[in-house]
Amino acid sequence: MDTDGVSSFGLPFQDSPVQSGNETCAIFVHAGAGYHSVANERIHLEACNDAAKTALLLLQNGGSALDAVEMAVKILEDREITNAGYGSNLAMDGVVECDASIIDHHGRSGAVGAVAQIKNPIQLARRVLDHTSVPLTLRRVPPNLLVSQGATEFAYEQGINVLPYDALVSPAAKERWLRWKSDLKYAERKAKKQGDVPASYKIKEVSPNHAHEEEIRKRMRDEHTQNLLRGLVYVQQPSSPAHLGEPKQRSTPLSEASTANSWHTEEDRSSPSSPQSPVPPRMHGPLPATPRSAHESSRNAFINSTQKNPTTSNLGWIGSKYARDEDVVMRNSDDSPMLMGTPCRKSCGDGSSDKSGSKSSARTMIAQTSSLKPGRAPDTAFLISLSNPQSVVRGDDVPQTGFVPPPRCTPPEKGDHITDTVGAIAIDSFGNIACGASSGGIGMKYRGRVGPAALIGVGAAVIPVDPDDTDETCVATVTSGTGEHMATTMAATVCAERLYQSVQKGKGGVYEVVSDDEAMRSMIAKEFMDHPSVRNSNSVGAIGILGVKRTKDGVYLYFAHNTDSFAMASMHSGEKNPVCTMSRSKGSGSIAQGGRAIRAGAHNKNRKAPSGRN
């Protein structure tokens with residue numbers, strides 16, 4: 001660390017505590033629960049690897065646990081393959097709205113919900129947390145949660161860049177949204193014919209009595225939605241996400257963005273679309289309103305709201321190249337390349353396949369598909385020219401920093417099906433613990449929907465050290481899964497309490513002392529999956545939990561999930577490289593769990609990889 005208090009990353013550190021920093025630093029990250037395809041496994045783990053490695057370097061240079069959590073989550077947000085920050089799922093009107101929260105070792109928190117136009121929501125959550133320590137006039141209480149436009153305005157006041165709506169929309173996310181919108185319209189028409197109450201969210205028109213600024217915001221969102229609808233035409237092209245190169249044109253200021261079209265339309269090209277419909281027709285049959293199979297259910301547009309979902313372990317590859325490739329509302333995708341001209345089909349969780357694509361998205365893709373890698377978020381706002389071939393970056397010009405799976409033309413694995421939230425837990429050299437979470441939420445969500453990543457005690461929780469505790473125990477947990485169910489069960493808080501006390505809830509509500517492994521398993525099985533609200537719900541109860549318990553004797557990592565897979569990485573100051581793990585369950589809703597222990601003072605001892613068991 002430099003003597004001027006600035007790290008090698010150019011980030012200012014907080015004032016160091018008076019005590020000597022002689023504790024073992026550690027960082028733990030996860031990239032979401034759900035199903036991670038075997039073909040993309042290394043790509044997901046490399047995202048975790050990079051986040052853990054960078055965060056630990058920050059800790060070793062004197063950074064606080066909060067600094068490390070913010071850095072780790074920012075790296076995950078900038079990876080398109082995660083459903084956080086750039087490339088996140090789109091809401092009903094085609095806008096990226098993100099949630100994030102961060103908690104320090106005292107339990108103080110900052111969070112933002114349904115915030116648009118912010119590249120790194122975790123950075124804004126950190127600003128909210130820092131702002132809580134600033135006294136306000138008239139004894140007002142500083143907020144620790146800001147949502148929607150209020151959060152965006154706070155970001156502007158804090159000097160955080162407010163980007164155009166389309167700056168956070170990746171080509172793959174845009175294509176998924178168009179497909180989901182088509183599926184949703186069909187499902188709503190069918191439900192209306194059957195006399196059912198439509199579940200679609202209708203966007204109200206701007207009232208002439210609204211304030212002028214609100215009219216501008218609404219017009220910006222409407223223009224963004226229409227630009228998305230006009231800017232993509234389905235053709236039979238691969239739909240892997242493309243690398244974005246250096247921007248050829250910077251964005252206009254926010255005040256001018258309301259009158260500028262930053263997505264180039266393709267109305268002058270031949271299109272099968274009818275003039276009456278702004279949505280391009282599907283290249284395949286419409287989505288059934290009531291899926292009858294696990295394959296159909298996993299790709300239903302209502303999976304997070306009205307549909308019970310069979311475990312994805314029962315899903316198999318459908319060999320027919322004419323099989324449907326409907327969409328899911330979870331996060332993308334099978335990004336591995338396919339050999340050009342092969343008849344193989346990717347069964348992607350986001351609905352993308354080599355049988356469908358778009359002219360506009362194809363123009364942003366690399367010609368040699370074997371060079372494709374998941375893109376990262378642009379550093380600044382810019383306009384993406386979908387019809388300008390000069391904006392394409394060839395694979396040979398891209399630094400080879402990520403793993404590229406080899407081309408294949410055999411029946412592929414099913415695509416990624418990842419349940420939103422990413423998270424991180426850090427322990428600094430002073431023994432302080434912190435955690436954070438970030439998410440883009442479910443696809444086609446209602447505008448303003450706040451997910452678990454923004455809710456303290458639901459997506460993240462910290463139990464601070466008790467001053468009278470001789471063991472100096474503290475616990476932090478971060479979760480990923482079905483947000484509405486986790487909110488009902490207060491998943492992060494309940495799990496943290498069970499780990500802190502090493503107890504499970506038995507018959508009659510009596511608590512029994514058990515091991516920490518048993519406590520976490522029991523919490524998922526009895527207090528989440530068997531909770532009355534989850535048991536009697538029409539939506540799937542998926543969850544993945546990463547928990548860290550620190551005592552004076554060491555640090556203990558515990559993880560558990562009832563999804564098919566859970567991607568994570570961990571690293572402490574005695575290790576040269578992170579330990580990355582893709583935990584996989586046996587399916588059928590079974591709970592997989594594992595963990596690792598780090599002895600106190602193990603600064604120079606390499607640790608074994610986490611164990612995973614069912």
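Quick note on numbering: full-length UniProt numbering labels position 310 of the sequence shown as 310, and the sequence is numbered without any gaps. Don't be surprised by glycine CBs; every beta carbon is placed ideally from N, CA and C. Everything numeric in this text was worked out from a predicted model, so none of it was measured.
Residue i Cβ short of 6 Å to the ligand GTP heavy atom set
i	result
Arg126	Although the ligand GTP was asked about, the structure shown includes no ligands whatsoever.
Presumed contact (8 Å Cβ cut-off) between residue i and residue j, rounded CB distance
i	j	result
Glu23	Ser429	5 Å
Gly483	Arg176	Not a contact, Cβ separation roughly 19 Å.
Ala26	Ile598	6 Å
Phe28	Val494	Their Cβ separation, rounded to whole angstroms, is 19 Å, which puts Phe28 and Val494 out of contact at 8 Å.
Leu45	Cys580	4 Å
Gln194	Thr152	Not confirmed; about 40 Å, so no contact.
Thr137	Arg108	In fact, because the Cβ distance is near 21 Å, the residues do not count as touching under 8 Å.
Val134	Gly436	Not confirmed; about 20 Å, so no contact.
Met568	Leu546	6 Å
7 Å CB neighbourhood of residue i in its chain, flanking five on each side removed
i	result
Asp93	Ile203, Arg221, Thr225 and Arg447
Ala519	Arg498, Leu499, Ser502, Val503 and Gln504
Phe566	His30, Ala33, Gly544, Phe559 and Ser583
Ala600	Thr24, Lys552, Asp553 and Gly554
Ala47	Ala31, Leu76, Arg79, Ile81 and Thr82
Val513	Ser502 and Val503
Beta carbon of residue i nearer than 7 Å to that of residue j
i	j	result
Val112	Leu124	yes
Pro121	Ser438	yes
Ile81	Asp50	no
Ala65	Ile591	no
Asp104	Ala424	no
Arg596	Leu557	yes
Arg127	Gln149	no
Gly440	Ser88	yes
Pro578	Ala84	no
Tyr86	Leu168	yes
Ser101	Ile524	no
Close-in-space but distant-in-sequence residues of the same chain around residue i (CB under 6 Å, 5 per side omitted)
i	result
His106	Pro464
Ala542	Thr419, Gly481, Thr482 and Thr563
Glu97	Ala91, Ala114 and Ala116
Thr473	Thr551
Glu413	The predicted model places Glu413 with a pLDDT of 46, which falls under 50 and marks its position as unreliable, so this point remains unresolved.
Asn432	Ala65 and His105
His531	Thr489
Thr496	Looking at the sequence itself, residue 496 is Ala, so the reference to Thr does not match. Hits under 6 Å: Ala461, Ile463, Val475 and Thr477.
Pro389	Low confidence applies to Pro389: its pLDDT is 30, below 50, so where it sits in the model is not reliable, and the reading given next is rough at best. Counting only Cβ-Cβ distances below 6 Å, and skipping sequence neighbours, we find nothing.
Asp4	Note that Asp4 scores a pLDDT of 43, beneath 50, so its modelled location is shaky; the value from the coordinates is reported in the next line. Hits under 6 Å: none found.
Lys445	Ala91
Segment limits, alpha helix (DSSP H) that includes residue i
i	result
Cys495	Ala491 to Gln501
Gln194	Run containing Gln194: none; DSSP gives neither H nor E here.
residue 677	Examination of residue 677 is not possible in this model, given that the chain is present from 1 through 614 alone.
Thr132	No alpha helix (DSSP H) contains Thr132, which DSSP labels as neither H nor E.
Cys48	Glu41 to Gln60
Ala72	Ala65 to Glu77
Delimiting residues of the beta strand (DSSP E) encompassing residue i
i	result
Lys218	Not the beta strand (DSSP E): Lys218 falls in the alpha helix (DSSP H), residues His212 to Arg230.
Met582	Val579 to Arg584
Glu97	Glu97 to Ile103
Ile427	Val422 to Ile427
Ala454	No beta strand (DSSP E) contains Ala454, which DSSP labels as neither H nor E.
Ala476	Cys474 to Gly481
Val115	Ser109 to Ala116
Ala461	Ala460 to Ile463
Val162	From DSSP, Val162 is part of no beta strand (DSSP E); its letter is neither H nor E.
Ala26	Ala26 to Tyr35
Ser438	Ile433 to Ser439
Residues near residue i by beta carbon distance below 8 Å, same chain, minus five either side
i	result
Glu458	Sequence inspection shows Val at residue 458; the Glu mentioned does not correspond to that position. Closer than 8 Å at the Cβ level, and outside the excluded window around Val458, lie Pro452, Thr479, Gly483, Met486, Ala487, Met490, Ala491, Ala492 and Thr493.
Asp268	For Asp268, the pLDDT reaches just 40, beneath the cut-off of 50, and the residue's location in the model is therefore unreliable, although a value from the coordinates is still provided. Nothing meets the Cβ criterion.
Gly508	none
Val147	Val112, Gly113, Ala114, Val115, Gly448, Val450 and Ala454
Ser533	His485, Thr488 and Thr489
Worksheet entry | Whole runs of the beta strand (DSSP E) within the region 508-595, excluding any shorter than 3 residues | 511-513, 543-551, 554-561, 565-572 and 579-584
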